[in-house]
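J.:
Residue numbers (mature numbering (1 follows the signal peptide of the UniProt record, and there is no 0)): -19 to -1, 1 to 326.
#1: Report yes if the C-beta distance between residue 269 and residue 183 is below 9 Å; otherwise report no.
#2: Using a threshold of 9 Å, state whether the C-beta atoms of residue 205 and residue 292 are closer than that.
#3: Taking the straight line between their C-alpha atoms, what separation do you get for residue 125 and residue 273?
#4: Quick check on the DSSP output: the alpha helix (DSSP H) that includes residue 108 runs from which residue to which?
#5: Are there 16 or more other CB atoms within 10 angstroms of the CB of residue 47, so buried, or fewer, so exposed?
#6: So, using beta-carbon positions, are residue 211 and residue 166 closer together than 9 Å?
#7: Mind checking which residues open and close the alpha helix (DSSP H) that includes residue 220?
#8: Drop a sphere of 10 angstroms on the beta-carbon of residue 105, count the other beta-carbons inside from all chains shown, and report buried for 16 or more, exposed for fewer.
#9: Taking the C-alpha atoms as reference points, what is the distance between residue 303 and residue 313?
#10: Under the three-state reduction of DSSP, which class applies to residue 48: helix, strand or coil?
#11: Give me, in chain order, the residues of the same chain whose beta-carbon lies closer than 6 Å to that of residue 143; leave out the 5 immediate sequence neighbours on both sides.
#12: Our contact map puts residue 243 next to residue 255 with C-beta atoms below 8 Å; I'd like the distance itself, whole angstroms only.
#13: What does the Cβ neighbour count give for residue 316, buried or exposed, with the cut at 16 atoms within 10 Å?
#14: Does residue 45 pass the burial test, meaning 16 or more other C-beta atoms within 10 Å, or should it be called exposed?
#15: Can you tell me whether residue 96 is buried or exposed, with buried defined as 16 or more other CB within 10 angstroms of its CB?
#16: Can you give the Cα-Cα distance for residue 148 and residue 56, rounded to whole angstroms?
#17: So, residue 219 versus residue 271, is the Cβ gap smaller than 9 Å?
#18: Using three-state DSSP, classify residue 117 as helix, strand or coil.
#19: Can you name, in chain order, every residue of its own chain whose Cβ lies under 7 Å from the Cβ of residue 71, other than the five neighbours on each side?
#20: Within the same chain, show all residues whose beta-carbon is closer than 6 Å to that of residue 28, passing over the 5 residues directly before and after it, in chain order.
#21: With distances taken from CA atoms, which of 138, 109, 249, 114 is nearest residue 69?
#22: Within 10 Å of its beta-carbon, does residue 250 have 16 or more other beta-carbons around it, so buried, or fewer, so exposed?
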């Protein structure tokens, strides 16, 4: 499962070119010589340019990964990974058994850390992964780190790819000259965090290990989401009813979906219990492992288990909640009512 999660995050986030760190401003008019384009991320407090040679050279695939999390030890992170052509098929193969970290390696990483978090174990462990760490100019209670020369192995790189990687590393000084730091826009980040609380956003896997995100909501007018845990079994067990509910929904509606979130996964014992319970009930619906975002939403919004909610096609939970075990007819009638209410909005 770890392979699939890492691959999914790396490739999905690379599509938006560091979308997690906020708005990309137009290239600066006075960009440094020898660069292709400029990137400025107000929420991160970072701006930089990438050498034009990186975009022109063969056998270069750069996969950026980024995030901003005001509550974490690392406030923001931007990482560029290099993957050679010969490894791209494996990276795109969700069934590949080769760990992602063997197929691509970080070229450089930028960390943004609040002063009070600088000595945290998370930050220490992250910096220890690199042989070179330069502290950039501090800004209003924030520290910035430029990490290069990752200590990982190029064992799965061909000789040609190893040379390409070394060439990219040799050109890092061009990129380093362009890095600027400035106070991160915390108000924008917090506003986005508050807005996100209205939505059930997640990027995780199913219990089978397949990637799944909150984009599943976009395909249906209503998605019924049931929250349960392995420790509820066998005392609180309505899986057979939920399976029947799921089957009826599929037969009657094309615009309603049903999924279950098992809140105490991942975990070997929990997954064993769930597998037993699912087999017993003949479960065929999708089951989701909660990520950190979903786990936070669960803590803030659920009073107990089981709980069933209704999510619209934007990913926003509706006001109606079903708490406790119910009969099949109750689920069907409530779902029908919720569908009608969304049509009237």
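We put the CB at the ideal spot given by N, CA and C, even for glycine.
T.: Taking the geometry as given:
#1: yes
#2: yes
#3: 24 Å
#4: 102 to 108
#5: buried
#6: no
#7: 220 to 233
#8: exposed
#9: 12 Å
#10: strand
#11: 135
#12: 6 Å
#13: buried
#14: buried
#15: exposed
#16: 30 Å
#17: no
#18: strand
#19: 77, 79, 84
#20: 21, 161
#21: 138
#22: exposed
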